[in-house]
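Report on one structure; see the data block that follows.
Number of protein chains: 2
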Amino acid sequence: MSTLKVPQSVPSAADDCEQLRKAFAGWGTNEGLIISILGHRRADQRKIIRETYAKTYGEDLLKVLDKELTSDFERLVHLWALDSAERDAFLANEAAKKWSSSNRVLVEISCARSSEQLLAARRAYHVLYKKSLEEDVAHRTTGDFRKLLLLLVSSYRYEGDEVDLSLAKTEAKLLHEKISKKAYTDDDFIKIFATRSRAQLNAAFNHYKDEFGKDINKDLKADPKNEFLALLRATTKCLIHPEKYFAKVVRLAIGGQGTNEENLTRVVVTRAEVDLKIIGEEYQRRNSVPLERAIAKDTSGDYEKMLLALLGQGDA
Amino acid sequence: MSTLKVPQSVPSAADDCEQLRKAFAGWGTNEGLIISILGHRRADQRKIIRETYAKTYGEDLLKVLDKELTSDFERLVHLWALDSAERDAFLANEAAKKWSSSNRVLVEISCARSSEQLLAARRAYHVLYKKSLEEDVAHRTTGDFRKLLLLLVSSYRYEGDEVDLSLAKTEAKLLHEKISKKAYTDDDFIKIFATRSRAQLNAAFNHYKDEFGKDINKDLKADPKNEFLALLRATTKCLIHPEKYFAKVVRLAIGGQGTNEENLTRVVVTRAEVDLKIIGEEYQRRNSVPLERAIAKDTSGDYEKMLLALLGQGDA
């Protein structure tokens with residue numbers, strides 16, 4: 001469900017690098033040329049381009065891009081040029097360093113990725129930052145937020161379909177009991193969200209709805225200003241309905257006054273090769289406007305062009 | 001520092017399987033033959049033997065061994081025949097299922113392994129038990145023990161040598177402050193043990209000793225009957241001095257009245273190809289008796305013979 005458009009016949013990495021080199025040459029930068037190349041190459045192709053560039057010109061393409069580009073466009077191209085594990089490590093490091101209780105990036109990286117992808121990000125974290133992700137999360141976050149986030153980033157969830165129905169019932173009851181008492185930070189409560197497989201959690205949430213008449217996320221909205229509850233809702237949505245979660249992040253990023261470029265960029269680069277097509281459909285269903293059009297209205301210049309390229313607009 | 005003795009010219013896996021088949025044939029079992037083969041093959045060789053056996057005879061060698069052997073000898077050979085990740089998953093599952101506050105197996109598996117080995121065990125756990133290790137640990141353990149164990153089994157520690165000295169000082173101070181207040185289950189206290197790299201922890205513990213005059217593990221012995229403190233001491237020992245930790249487990253398993261075969265077996269099979277030689281040296285230093293002699297005195301029959309084979313006694 002990738003939105004990316006890759007040309008039928010892709011130039012060799014050497015040719016791509018030569019064109020990129022031209023785009024950087026002389027006065028000014030040819031941003032259009034950069035978009036026409038990087039905006040239409042898959043992760044494996046971008047990886048080879050980076051390697052080829054380093055071998056051919058003795059420079060790190062990422063550093064050159066940072067030097068040549070600016071602002072939101074720079075960040076977008078930089079994140080896009082990273083491979084997904086490095087990018088997740090980078091985003092997680094940023095989120096841990098400037099952590100605030102409203103930050104959801106750590107939840108996205110731990111719950112809207114496969115178990116192996118989360119591991120790959122933790123491995124990349126070691127290489128990039130000479131420490132572990134959980135170490136930074138433990139050190140930078142606090143209180144109940146830490147309790148939840150530390151378990152989430154350390155999880156390696158089982159990914160099979162097997163469901164223990166009697167366990168799902170027991171845990172649905174426990175979830176309801178704790179929610180009724182507003183015991184949201186209880187260890188027994190948190191551990192269910194932090195360790196169960198998606199299939200098992202989904203079964204518990206279904207039973208919750210059948211038995212108690214409401215989506216669990218509705219009940220987790222009892223106090224809309226409670227940031228911990230918001231984090232729990234993000235956890236369930238990232239695990240069970242990531243496309244709805246991300247459609248909402250985009251809606252909030254471009255809706256209303258101003259644009260939250262950080263969130264918009266993150267959703268587009270991290271989901272373009274995963275499920276951005278479905279996120280777009282979900283967005284349109286909810287907002288009655290195609291995602292591309294909404295983004296085009298809210299952004300401009302090369303930043304807009306690159307976003308639309310990643311959304312699959314125009315020719316490859 | 002493996003104690004294992006492998007013959008100069010190792011028979012082919014097909015030959016080994018044929019010999020094993022002979023050992024199982026007819027009335028009775030030729031235990032000596034089994035020991036002479038499996039007791040002198042490395043992990044990679046045992047793996048090929050299992051695969052070859054399944055291919056040649058259409059049976060799982062493990063199941064045949066279970067059928068043919070009994071008691072402590074059966075468990076020893078069974079655990080030895082498993083590959084290390086499966087074995088750790090098996091031991092961790094057993095420990096979670098019949099968990100008690102005095103059980104240290106989960107600490108061993110999470111702290112006396114490399115980060116990649118712990119991951120491999122978590123992966124094997126998915127395959128064998130259709131759920132995650134942390135899920136079972138969260139479900140089966142309780143209270144403060146769960147708080148610590150859940151983080152330990154989920155950790156993926158950084159393994160580089162880099163140390164942040166000023167952080168080590170800050171955290172040594174925090175450790176001392178919490179210990180002075182007996183706040184052993186404080187989240188800030190636990191997270192240091194659960195997330196820091198060995199090098200970083202070691203630096204903090206060294207500073208602790210320099211500044212406050214005592215080994216941290218001495219201070220963690222304030223209340224010898226407190227099982228949570230014992231778990232914390234096991235954590236630091238498994239991380240920093242695993243050979244001392246295991247030498248002590250063996251000493252307690254064979255010292256005094258009776259033998260704790262479960263602990264003795266576990267140490268020998270999990271460490272034979274890692275550091276059993278050093279554990280033996282450590283044992284002898286502390287007890288003035290060679291480990292082989294102490295084990296021979298305390299055990300008997302095929303169980304004894306297989307243990308001594310794994311300790312490198314006799315010819316391969």
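In order, the protein sequences belong to chains A and B. Just so it is clear: in the first sequence, position 257 is 257 by the numbering used here, and no numbers are missing. Just so it is clear: in the second sequence, position 139 is 139 by the numbering used here, and no numbers are missing. For glycine and all other residues, C-beta sits at the position ideal for the given N, C-alpha and C.
Would you report the Cα separation of residue i and residue j, rounded to the nearest angstrom?
i      : j      : result
B/T235 : B/S102 : 13 Å
B/A92  : A/H78  : 42 Å
A/T170 : A/D83  : 41 Å
B/I279 : B/K237 : 13 Å
B/D315 : B/K5   : 7 Å
A/S110 : A/V250 : 19 Å
B/P242 : B/R104 : 13 Å
A/W27  : A/A253 : 34 Å
A/D223 : A/A230 : 9 Å
A/A54  : A/I295 : 34 Å
B/V107 : B/E94  : 13 Å
A/S157 : A/A96  : A quick correction: the sequence has Arg, not Ser, at residue 157 of chain A. Each residue's alpha carbon lies about 22 Å from the other.
B/L180 : B/R233 : Leu is not the amino acid found at residue 180 of chain B; the sequence shown has Ser there. Those two C-alpha atoms are separated by around 16 Å.
A/Q313 : A/I216 : 37 Å
A/G58  : A/R50  : 11 Å
B/L167 : A/A124 : 23 Å
B/R266 : B/L76  : 8 Å
A/F193 : A/L201 : 7 Å
B/K214 : B/F205 : 10 Å
B/I190 : B/K178 : 10 Å
Restricting to Cα atoms, I'd like to know which of the options is closest to residue i.
i      : options                        : result
B/A120 : B/L150, B/R87, B/K147          : B/R87
A/T195 : A/E262, A/S115, A/A81, A/N263  : A/S115
B/D275 : B/C17, B/A253, B/A112, B/L33   : B/A112
A/K98  : A/D136, A/A124, A/K130         : A/D136
B/R293 : B/S71, B/R285, B/K173, B/L308  : B/L308
A/D44  : A/Q117, A/D66, A/H207, A/A81   : A/A81
A/Y245 : A/G256, A/G32, A/L264          : A/L264
A/R130 : B/P11, B/V163, B/K248          : With the sequence shown as reference, residue 130 of chain A is identified as Lys, and Arg is not the correct amino acid for it. The candidate whose alpha carbon is nearest that of A/K130 is B/V163.
A/G257 : A/T270, A/D188, A/K277, A/D298 : Looking at the sequence itself, residue 257 of chain A is Gln, so the reference to Gly does not match. Measuring from the Cα of A/Q257, the nearest candidate turns out to be A/D298.
B/R271 : B/I190, B/S9, B/K173, B/L311   : B/L311
B/P11  : B/H40, B/A25, B/A168, B/M1     : B/H40
B/D187 : A/R146, A/G213, A/K214         : A/R146
A/M1   : A/E273, A/Q8, A/N30            : A/E273
B/A85  : B/S197, B/K22, B/H126          : B/H126
A/F90  : A/T56, A/S100, A/S132          : A/S132
A/E211 : A/H176, A/S197, A/N226         : A/H176
A/Q117 : A/P7, A/G213, A/V153           : A/V153
B/H207 : B/E74, B/L165, B/A247          : B/L165
A/R122 : B/N226, B/K178, B/E159         : B/E159
A/G255 : A/K218, A/N287, A/S300         : A/N287
Excluding the five sequence neighbours on either side, which residues of its own chain have a C-beta within less than 6 Å of the C-beta of residue i, listed in chain order?
i      : result
B/D144 : T185, F228
B/K305 : I35
B/I48  : A13
A/D72  : E261, Y303
A/D161 : A199
B/L220 : L229, L232, R233
A/T259 : D298
A/P290 : Q284
Assign residue i to buried or exposed, taking buried as 16 or more other Cβ atoms, counted over all protein chains shown, within 10 Å of its Cβ.
i      : result
B/A138 : buried
A/L128 : exposed
B/E282 : buried
A/R285 : exposed
B/V268 : buried
A/G32  : exposed
B/A172 : buried
B/R42  : exposed
B/A183 : exposed
A/T3   : buried
A/S155 : buried
A/S197 : buried
A/K248 : buried
Excluding the five sequence neighbours on either side, which residues of its own chain have a C-beta within less than 8 Å of the C-beta of residue i, listed in chain order?
i      : result
B/K63  : none
B/T52  : A13, A14, D16, C17
B/L150 : E134, V137, A138, T141
With a CB to CB cut of under 7 Å and the five nearest residues on each side skipped, what residues in its chain are close to residue i?
i     : result
A/I37 : D16, Q19, L20
A/D60 : A54
B/F24 : V64, E68
B/R46 : L38, A81
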